[in-house]
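**Q** Got a structure for you, questions after.
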Amino acid sequence: MSTLHVISRSPFGDNRLASCLRLLGPHDGLLLCGDAVYALNPGSVTVAGLNTLGPRLYALAEDLEARAISDTGATAVDYPAFVELSLNYDKVNSWL
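Numbers 0 to 95, taken from numbering that gives the first Met the number 0, label the letters of the sequence shown in order.
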C-alpha cells in the first residue's frame, strides 16, 4: 500500500520531517508545502536526505515561489496536480 505523506511545517521547528523520512516506504511519496519547503533550500541539513527520494519528492509550486526557493530537485506541483497526485496513492497522511 502506498502513501502520500504531506508535511507543511518547517523542518527546523520540530522532528516531523525526520520522523516521516524514517517511516517512508519504497512506494511512498512526500509532498512539502507551506514552511516545509524550507527543507529544500540548497545547503540545508535536510536537503541531502530529501534528494534520495528522487521522483517521489514533490513541493507545492506556489509555496516555493512565495519563499523564493528554486532548483530544488523536487517536482513542483500546483493545486490541481496535488489533487491528481493524491489519487495516485492508496492513502494520504498529513503530518499535522
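Note that CB positions come from ideal geometry on N, CA and C, so glycine has one too. Since the model is a prediction, treat every value here as computed from it, not as a measurement.
(1) According to the neighbour-count rule (16 or more other Cβ atoms, all chains shown, within 10 Å of its Cβ), is L49 buried or exposed?
(2) Just how far apart, CA to CA, sit H26 and L20?
(3) What are the boundary residues of the beta strand (DSSP E) that S93 is part of?
(4) Quick check: the Cα distance between G24 and S1, rounded to an integer number of angstroms?
(5) Beta-carbon separation of A58 and V76 under 9 Å?
(6) So L3 and V91 are supposed to be a Cβ contact under 8 Å. How far apart are they, rounded?
(7) Go ahead and pull the three-state DSSP assignment for L20.
**A** Taking the structure as given:
(1) Classification of L49: buried, given that the 10 Å Cβ count is 16 or more.
(2) The alpha-carbon atoms of H26 and L20 are separated by roughly 13 Å.
(3) Counted as a single uninterrupted DSSP element, the beta strand (DSSP E) harbouring S93 occupies residues K90 to W94.
(4) Going by C-alpha positions, G24 is about 8 Å away from S1.
(5) The beta carbons of A58 and V76 sit closer together than 9 Å.
(6) About 5 Å; that satisfies the 8 Å criterion.
(7) Residue state, collapsed to three classes: helix.
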